[in-house]
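Student: Dumping the structure here so I can ask a few things about it.
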């Protein structure tokens, strides 16, 4: 190929190609089944099914309005996202769905930027017994980098010990230069 003759690595060519894959919308409904394909007509039923899926840039995970979904949603670096094509977690059907987190964190997003969380109610078991946060978006990746584009919109959070909404990072280990590189976020709107 021309790339091979000119010595231009194929990975570089792939990095500059525009995003062309079609984004998917995955639906979770109280009357669904985790064996379903996650379409609006045949939704999934549980947060566990969502946690078992890897998502791509532009994908959406939508919970049925008025539904109560017990569990702890975790989205991490196994999924891919981008600032131009964020992954969205939200509700469909007019009002908001509820994520009932019990003693844990309702929605945990680890080491990903390009995230929109909107139109949800997140509930914990109460500050005395809960050990988590409503929505926790954190950057603790193995590489010190600043992730970009986080949106948290129209969220009602209650019953959590640490925070209703938390976005943050952690310092990386010192590199010997005296400076401690940071892990964090840029372009965050709550």
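Residue numbers (the numbering used here): 959 to 1148.
From the three backbone atoms N, C-alpha and C, an ideal C-beta is built for every residue, glycine too.
Given the structure is predicted, the values throughout are model-derived calculations rather than measurements.
Please name the residue in 1021, 1073, 1029 whose C-alpha comes closest to that of residue 1035.
Tutor: Taking only the C-alpha atoms, the option nearest residue 1035 is 1073.
Student: Which residue marks the beginning of the alpha helix (DSSP H) containing residue 1000, and which one marks its end?
Tutor: That residue, residue 1000, is in no alpha helix (DSSP H); it is neither H nor E in DSSP.
Student: Tell me which residues share the same chain as residue 954 and place their Cβ nearer than 6 Å to its Cβ, disregarding the 5 neighbours each side in the sequence.
Tutor: Outside the modelled stretch of the chain, which goes from 959 to 1148, sits residue 954, for which no answer is possible.
Student: Taking all protein chains shown into account, do 16 or more other C-beta atoms lie within 10 angstroms of the C-beta of residue 1088, making it buried, or fewer, making it exposed?
Tutor: Flag for residue 1088 reads buried.
Student: Quick one: Cα of residue 1018 to Cα of residue 1000, how far?
Tutor: If you take the alpha carbons of residue 1018 and residue 1000, they lie about 15 Å apart.
Student: From the DSSP output, which residues share a beta bridge with residue 1010?
Tutor: Per DSSP, none; premise fails for residue 1010.
Student: Find the nearest neighbour of residue 1106 within the set 995, 1145, 1124, judged by alpha-carbon distance.
Tutor: Residue 1106 has its Cα closest to that of 1145, out of 995, 1145, 1124.
Student: For residue 1128 and residue 990, what's the separation of their Cα atoms in angstroms?
Tutor: Computed Cα separation, rounded: 38 Å.
Student: Report the rounded CA-to-CA distance for residue 1071 versus residue 1100, giving the unit in angstroms.
Tutor: For residue 1071 and residue 1100, the distance between alpha carbons rounds to 15 Å.
Student: For residue 1055, count the other beta carbons within 10 Å of its own beta carbon; 16 or more makes it buried, fewer makes it exposed. Which is it?
Tutor: By the neighbour-count rule (16 or more Cβ atoms within 10 Å), residue 1055 is buried.
Student: May I ask you to report which of helix, strand or coil DSSP gives residue 1111?
Tutor: It is a strand residue.
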